[in-house]
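What follows is a single structure, written as structure tokens, with notes after it.
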Amino acid sequence: MNVFRQIIAPILIVVVFLLALVATSARIFLPEGLSAPVSIEAPTNASPS
2 MNVFRQIIAP ILIVVVFLLA LVATSARIFL PEGLSAPVSI EAPTNASPS
């Protein structure tokens with residue numbers, strides 16, 4: 002249990018933090034259309050593709 006508290010738990014916390022940091026920073030590299038918030042309403046004059 003001591004090994005978990007001193008080694009595994011801190012590494013796990015750092016890995017989760019880094020994963021969250023990468024996920025939130027990834028929007029910088031997305032195209033401009035994908036980084037904008039999504040509209041709730043559908044466009045009224047949208048043509049089917």
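Going by the working numbering, the letters in the sequence shown line up with residues 2 to 50, in that order.
Quick reminder that beta carbons are idealized off the backbone N, C-alpha and C, glycines included.
CA-CA distance, residue 26 to residue 40, rounds to 21 Å. DSSP, read as helix, strand or coil, puts residue 31 in coil. In the three-state reduction of the DSSP assignment, residue 11 falls in the helix class. Annotation: residue 29 to residue 16 spans about 21 Å, alpha carbon to alpha carbon.
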